[in-house]
Amino acid sequence: MTDLYDITIIGGGPVGLFAAFYAHLRQAKVKIIDSLHQLGGQPAMLYPEKTILDVPAFMHVSGQELIEYLKQQLSPFDTTVCLNETVEAIHQSENFFNIQTSTSSHVSKTVIIAMGLGAFKPRTLDLDGIHTFKNIYYHVQNQQQFANQHVVVLGGGDSAVDWALSFEKTTRSITLIHRREEFRALEHSVQTLHNSSVSVYTPYLPTRLIGKGDTLTHLELTKVRTTDTLTIPVDSLFVNYGFHSSIGNLKDWGLTLNRHKICVNTKQETSIPGIYAIGDCCTYDGKIDLIATGLGEAPTAVSNALHFINPKSRIQPMHSTSL
Ligand SMILES: Cc1cc2nc3c(=O)[nH]c(=O)nc-3n(C[C@H](O)[C@H](O)[C@H](O)COP(=O)(O)OP(=O)(O)OC[C@H]3O[C@@H](n4cnc5c(N)ncnc54)[C@H](O)[C@@H]3O)c2cc1C
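Read in order, the letters of the sequence shown are residues 12 to 334 in the working numbering.
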């Protein structure tokens with residue numbers, strides 16, 4: 012039998028991370044499930060370098076720094092984190108909720124949905140044979156495994172440029188391909204790229220995957236608005252076209268929605284008792300989608316979830332002076 016948790020949080024963005032921290036302060040047993048391979052939600056995936064000005068107590072903090080601080084704040088506690096799992100359904104049993112994900116199922120006394128704009132998925136390369144070849148990747152886990160290879164990176168944003176520069180130190184050759192002349196990356200990174208040994212092809216598009224069995228061996232490129240093609244060798248291909256988010260089958264979860272947002276009351280309760288929603292995924296009169304707003308909603312949801320589990324539990328917490 013899977014372990015029963017007090018609170019399972021769907022989504023490990025800033026709001027889900029803070030909700031987990033606060034739940035630990037209230038001594039709850041907590042699990043976070045996220046569809047991505049990493050925690051952090053929009054700040055980590057969409058704007059890691061951008062400076063955020065409107066989070067309390069931080070004059071200037073980048074998206075990635077904010078997430079690192081939230082993870083550090085959570086780190087003294089024992090949180091179960093399940094990554095690469097997309098929640099697809101929540102079923103109610105007598106005493107708990109059964110949460111079905113793309114890969115397994117979880118049981119929890121209460122659920123806090125902090126799924127933001129929805130599950131992030133990498134934008135995929137749309138070419139014949141894309142599902143045949145095993146050496147096409149959408150994120151890097153262990154860079155060392157690509158040492159001595161011909162590595163090709165597709166994309167023109169910060170992340171594509173950063174990967175290319177990072178691979179430069181470890182791989183046999185590294186090629187970066189972008190469909191525009193200009194990169195959409197930090198000026199300093201672009202300057203470093205132009206001074207590096209990375210082979211840069213702009214404006215080029217990948218037009219054909221060539222391989223043997225399940226291994227991609229070559230990539231055909233076509234210069235944009237021409238018929239000029241060239242073929243380059245590939246040992247590993249990294250696609251870095253960014254992410255898109257999807258709320259999936261949220262409308263089948265049995266919750267009252269307003270468009271694609273979950274309706275909550277002032278206790279962050281959804282239309283199903285025991286299920287709460289916070290952050291960008293929820294809506295109420297006057298709701299604003301900001302990190303600060305979502306962070307404020309988290310303690311409300313946690314306190315009411317614990318009161319749901321144990322009606323004797325205080326909604327207004329005792330104030331502690333030490334962890
Ligand atoms: C470019 C940009 C700049 C911004 N700048 C600012 C700013 O300066 N200040 C500010 O306050 N706000 C800013 N925002 C808004 C801010 O990022 C959001 O308000 C905030 O990220 C909401 O946090 P969240 O935790 O609710 O959701 P998210 O950050 O979206 O995190 C949700 C998490 O849930 C996961 N998830 C979703 N569906 C599922 C599922 N079915 N199963 C499992 N996991 C799932 C996702 O993978 C994701 O990790 C900006 C947004 C953008 C796009």
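The C-beta atom is built at its ideal place from N, Cα and C for all residues, glycine as well.
Whole runs of the beta strand (DSSP E) within the stretch 255-281, excluding any shorter than 3 residues: 272-274
Residue from L36, I110, L220 with nearest C-alpha to H229: L220
Buried/exposed call for K180, threshold 16 Cβ in 10 Å: exposed
Three-way DSSP call (helix, strand, coil) for T242 in this model: strand
Cβ neighbours of S210 in the same chain (closer than 6 angstroms, five flanking residues each side left out): T186
Pairwise C-alpha distance: Q38 and A55: 27 angstroms
Start and end residues, beta strand (DSSP E) containing K120: 116-124
Ligand 1 heavy atom lying under 8 angstroms from the CB of D65: yes
With 16 other Cβ atoms within 10 Å as the buried cut-off, status of G51: buried
Stretch pair the stretch 280-300 + the stretch 79-96: three plus CB contacts closer than 8 angstroms: no
Extent of the continuous beta strand (DSSP E) run through H318: No beta strand (DSSP E) contains H318, which is instead part of the alpha helix (DSSP H) from 302-320.
beta-carbon Y58 near ligand 1 non-hydrogen atom, thresh 8 angstroms: yes
Between the CA atoms of I63 and Q75 - distance to the nearest angstrom: 10 angstroms
Span separating the alpha-carbon of Q154 from that of F178: 7 angstroms
Alpha-carbon spacing of V26 relative to N146, whole angstroms: 35 angstroms
Near ligand 1: T181 beta-carbon under 8 angstroms from a heavy atom: no
Three or more C-beta pairs below 8 angstroms linking the stretch 191-204 and the stretch 152-172: yes
Residue interval of the alpha helix (DSSP H) (run including A55): 52-56
Buried versus exposed, by CB contacts within 10 Å (16 or more), S247: buried
Completely contained alpha helix (DSSP H) runs for the stretch 136-176, where each covers 4 or more residues: none
Best match in G24, Q202, F254 for proximity to L127 [C-alpha to C-alpha]: As written in the sequence, residue 127 is Gly, which differs from the Leu given in the question. Checking every option, the nearest Cα to that of G127 belongs to G24.
Cβ pair count under 8 angstroms reaching 3, the stretch 252-261 against the stretch 125-143: yes
Classification of L335 by the beta-carbon crowding that lies within 10 angstroms, buried from 16 upward: Because residue 335 is not part of the residues shown, which for the chain are 12 to 334, the question remains open.
7 angstroms CB neighbourhood of S113 in its chain, flanking five on each side removed: E96, T97, E99
Endpoints, alpha helix (DSSP H) assigned at L81: 74-85
Sequence-distant residues of the same chain with beta carbon closer than 7 angstroms to T19, five excluded per side: K42, I44, I110, H117, S119, V122
Length of the line joining the Cα atoms of T143 and L204: 31 angstroms
T335 versus L261, A309, D139, S184, residue with shortest Cα-Cα distance: The question about residue 335 has no answer, for the chain in this structure spans 12 to 334.
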